[in-house]
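**Student:** One structure follows; several queries about it will come next.
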Amino acid sequence: MNPWEVASPCTQRCVTRPTGNEQAYARTRRVPAASVLRRYASLTAALGSALAAGTRIADPSVLQRHARCVLGALGIGLDATGPLRVPGTAAGTLIVANHVSWLDVIAVLAVEPVPLIAKQEVSGWPVVGPLTRRTGNRFINRDAPRELPRFVGELAAHLRDGGSVMVFPQATTWCTAPGGPFRRAMFEAALRAAAPVRPAAIDYARDGTRSTAAAYVGGDSLAASLLRVAGTDGLAVRVRPCRTLWPHGHDRRSLAAAAHAAVSDAVSAPVLAPRTGVFRTARPPEATVPPQLRAHA
């Protein structure tokens, strides 16, 4: 069985007519066609600027600035707490989050510009492919499960050397947070590297009410999703870090379960009042680094 063959029960119906609490998951509010066209033009300019940056896009501050420009071009606010990396450790941080949309990547980079793990197909996408290759992202071939042990070993070495990385361990998207369980494979890398794990919860709201407008699920095409996002007013993404998980005392199964539980708890918090632009709300939960995992001069 291929460990990356994961199916989500979410369909386009989750986006157009959310189920469950209709008050919690509001339908989208459309914006005028002229505004959508302006957002498309702004997005084109933002992506063009990112491509023009060339290899400089690999610089974290440059990457973060361009990611924020993309969100701004689409009229999306960012409610974020950062940084996501755990300071003071010898190893890097394995940052893990639930997966709702292609926008998740942009939101994370706008908060913490670190390399991400993506499926191999992304490297060949127009515009996005060149950008992801230049920013040091790592690509996994889901059709070659035998390569997974080697990939995990390389990821562990990256973490051990002090590099941080972001992964979406659900391996597919869900219409709302927290979504399905976290797959265990990438947590093995944190165990081998004695690296801290930072769970992060990602969810979307429109005018302060949770929304599925940004969800990229089922048979949705990227073009249709982009049109829906650009045509939704008052949309914001929230990135909320959870308390650090330390690898000692865990195996990969329990570490993955603890990370998912932390994300589930975080998304149960109330959605903040709507705001515009990019802003920070607070520092993430403090982490006391175990002595054996501290960085030494």
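According to UniProt numbering, the sequence shown is numbered sequentially starting from 1. Glycine included, C-beta positions come from ideal geometry on N, C-alpha and C.
(1) Is it buried or exposed, Gly72, if we count other Cβ atoms within 10 angstroms and call 16 or more buried?
(2) Take Asp79 as the anchor and find which of Ala236, Phe168 and Arg183 has the nearest alpha-carbon.
(3) Please classify Val127: is it buried, with 16 or more other beta-carbons within 10 angstroms of its beta-carbon, or exposed?
(4) Identify which residue in Ala34, Val152, Gly129 and Arg68 has its Cα closest to the Cα of Val111.
(5) Counting only the same chain and skipping the five closest in sequence on each side, list residues whose C-beta sits under 6 Å from that of Thr28.
(6) Among Gly219, Val165 and Ala215, which has the Cα closest to the Cα of Thr135?
(7) Report the three-state DSSP secondary structure of Thr11 (helix, strand or coil).
(8) Where in the UniProt domain "Phospholipid/glycerol acyltransferase" (93-205) do unbroken runs of the beta strand (DSSP E), each at least 3 residues long, occur, reported from the N-terminal end onward?
(9) On the DSSP letters alone, give me the boundaries of the beta strand (DSSP E) that Pro241 sits inside.
(10) Tell me which residue opens and which closes the beta strand (DSSP E) that Leu78 is part of.
(11) Quick one: what does DSSP say Leu222 is sitting in, helix, strand or coil?
(12) Roughly how far, in whole angstroms, is the beta-carbon of Phe139 from the beta-carbon of Ala118, given that I think they are within contact range, below 8 Å?
(13) If you run the structure through DSSP and keep just helix, strand and coil, what is Thr55?
**Tutor:** Looking at the atomic coordinates:
(1) Residue mapping note: residue 72 aligns to position 72 of the sequence shown, counting from 1. Buried, by the Cβ-count rule.
(2) Taking the sequence shown and counting its residues from 1, one reaches residue 79 at position 79. Among Ala236, Phe168 and Arg183, the Cα nearest to that of Asp79 belongs to Ala236.
(3) The residue you call residue 127 lines up with position 127 of the sequence shown. With fewer than 16 neighbouring CB atoms inside 10 Å of its own CB, Val127 falls in the exposed class.
(4) Against the sequence shown, residue 111 aligns to sequence position 111. Per the C-alpha coordinates, the member of Ala34, Val152, Gly129 and Arg68 positioned closest to Val111 is Arg68.
(5) Residue 28 sits at position 28 when you count from the first residue of the sequence shown. Only weak support exists for where Thr28 lies, its pLDDT of 48 falling under 50; the coordinates are left without a value.
(6) In the sequence shown, residue 135 corresponds to position 135, counting from 1. Looking from the CA of Thr135, the closest CA among Gly219, Val165 and Ala215 belongs to Val165.
(7) For this step, residue 11 is matched to residue 11 along the sequence shown. Coil, per DSSP.
(8) List check, beta strand (DSSP E) in window: 94-97, 117-119, 138-140 and 165-167.
(9) Taking the sequence shown and counting its residues from 1, one reaches residue 241 at position 241. Counted as a single uninterrupted DSSP element, the beta strand (DSSP E) harbouring Pro241 occupies residues Leu235 to Pro241.
(10) Numbered from 1 along the sequence shown, position 78 holds the residue referred to as residue 78. Residues Gly77 to Ala80.
(11) Here the question's residue 222 lines up with position 222 in the sequence shown. Reduced to three states, the DSSP call for Leu222 is helix.
(12) Within the sequence shown, numbered from 1, the residue matching residue 139 stands at position 139. Within the sequence shown, numbered from 1, the residue matching residue 118 stands at position 118. Between Phe139 and Ala118 the beta-carbon gap is near 6 Å, inside 8 Å, which marks them as a contact.
(13) For the purposes of this step, residue 55 is identified with residue 55 of the sequence shown, where counting begins at 1. Three-state DSSP puts Thr55 in a helix.
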